[in-house]
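What follows is one structure encoded as structure tokens, with my remarks underneath.
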Amino acid sequence: MSAAGDRATPYIVGLTGGIGSGKSAAAQIFEELGATLVDTDAVAHALTAPGGAAIEAIRTAFGADYISSEGALVRARMRELVFADAEKKILLESILHPLIRERSTRLSQAARGPYVILMVPLLVESGDYRRRCQRILVVDCPEQLQLERVMARNGIAAAQVRAIMATQVTREARLAAADDVIDNSRDRAQLRREVMRLHARYLQLAAAGG
């Protein structure tokens, strides 16, 4: 890999973690420290907002009932559909994933920071993202803590959180794929210390070209 100053080949750290693990909080700290954050969830939201690049393809594939009067994806309705129908989930992904990949690549190439944090919730499930990253960072915590955090944050029942967790790879699979792990089972101060430690390491790796 070339040095971080070569904008054609930025040093990319793929950041992932299960729901409720705290990956967004970790990503925010990396960004505060100067890394460029590329959040694929934010990219997906932009693609499905009013006038987003995915809207017409979704309307064609799923019908107007899944597009609001403002021209945005009706996310709750779509979430319910794809959760119940695996084929519809694959269809939606076939529309969104190429667009997300293209836009996130473009954002990464335009990065001004010393390295890129590419936040991908389903990174371990996607071999494509693994090939695009120089390192994989997993934000980890016990599954019971994931459950409690999501229930408190989103106000949803334990059974629903467990159902979401069941659609993701196991904690063991994520950890097995990781080059680096942040233990986010404690407080925000400890999370910041963990991020600062890795930030120093990533600055060295990016400057050395990997």
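One rule links them: number in our numbering = place in the sequence shown (from 1) + 1292.
Positions of the beta carbon are idealized from the N, C-alpha and C atoms, including for glycine.
Residue pairing of Met1411 in beta bridges, as defined by DSSP: Leu1307 and Asp1331. By the 16-neighbour rule on beta-carbons within 10 angstroms, Asp1479 is exposed. Runs of the alpha helix (DSSP H) spanning 4 or more residues and lying entirely within the stretch 1411-1449 occur at 1419-1424 and 1435-1446, in chain order. Pairing Pro1406 with Ala1481, the inter-Cα distance amounts to about 24 angstroms. In this structure, the straight-line span from the alpha carbon of His1337 to that of Leu1497 is close to 31 angstroms. Within the stretch 1340-1419, the complete alpha helix (DSSP H) runs of at least 4 residues fall at 1347-1354, 1367-1376 and 1378-1401.
Assigned with DSSP and collapsed to three states, Val1473 falls in strand. In this structure, Leu1307 lies near Ala1319, with their beta-carbon atoms less than 8 angstroms apart.
Excluding sequence positions up to five before and after Leu1339, its CB lies within less than 6 angstroms of the CB of Ala1345, Ala1346 and Leu1391, all in the same chain and listed in chain order. DSSP places Leu1325 in the coil class of the three-state scheme, outside both helix and strand.
If you compare the alpha carbons of Gln1438, Ala1449, Gly1501 and Arg1485 with that of Leu1325, the shortest gap goes to Arg1485. Residue environment for Ala1455: exposed (fewer than 16 other C-beta atoms within 10 angstroms of its C-beta). Non-local beta-carbon contacts of Leu1383 in its own chain, meaning distances under 7 angstroms to residues more than five positions away in sequence, involve Ala1353 in chain order. With contacts defined by Cβ atoms closer than 8 angstroms, Val1431 and Gly1314 form a contacting pair. A residue is called buried once 16 or more other Cβ atoms fall within 10 Å of its Cβ, and Ser1400 is buried on that count. Excluding the 5 residues flanking it on each side, Gln1460 has same chain C-beta neighbours closer than 6 angstroms at Gly1310, in chain order.
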